[in-house]
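Working notes for the structure below.
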Amino acid sequence: MNNQPGPHYRNQLNRVSQVLGCRIDFDDRCFGPQNAATWISVCMVNGVEYARASGPSKSIAKEQAAYQTLQNLRAQYPGLC
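If you read the sequence shown in numbering that gives the first Met the number 0, its first letter stands for residue 0, the second for the next number, and so on.
The following block contains the structure:
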């Protein structure tokens, strides 16, 4: 089993938001029964939805939403790291 930490897209997104001077917010919601829940995470940049992702846990959904937001920001600002 691999115990290495994941990519930490939320940390990368926080650093990018500091460079751009924008605010990042997440809206996380859980649906379904507790033993088979699906989490939905919406990532917003300055109040505008940039990404929406789902997963079996809140953390996974947030990481996926952060990843998608990073991809969208990099497409919008090509010089971004």
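Note that beta-carbon positions come from the ideal geometry of N, C-alpha and C, so glycine has one too.
{"query": "Compare the Cα-Cα distances from A50 to each of T37, W38 and A64 and report the closest residue.", "result": "A64"}
{"query": "With DSSP collapsed to three states, give me the class of R51.", "result": "strand"}
{"query": "Residues in its own chain within less than 8 Å of K57 by CB, not counting five upstream and five downstream?", "result": "D27, C29, W38 and S40"}
{"query": "Restricting to Cα atoms, I'd like to know which of P55, V44 and Q75 is closest to R9.", "result": "V44"}
{"query": "Could you work out which residue in H7, P6 and R22 is closest to V47 when comparing CA atoms only?", "result": "R22"}
{"query": "For the beta strand (DSSP E) containing R28, list its first residue and its last residue.", "result": "I23 to F30"}
{"query": "Helix, strand or coil for S16? Go by DSSP, reduced to three states.", "result": "helix"}
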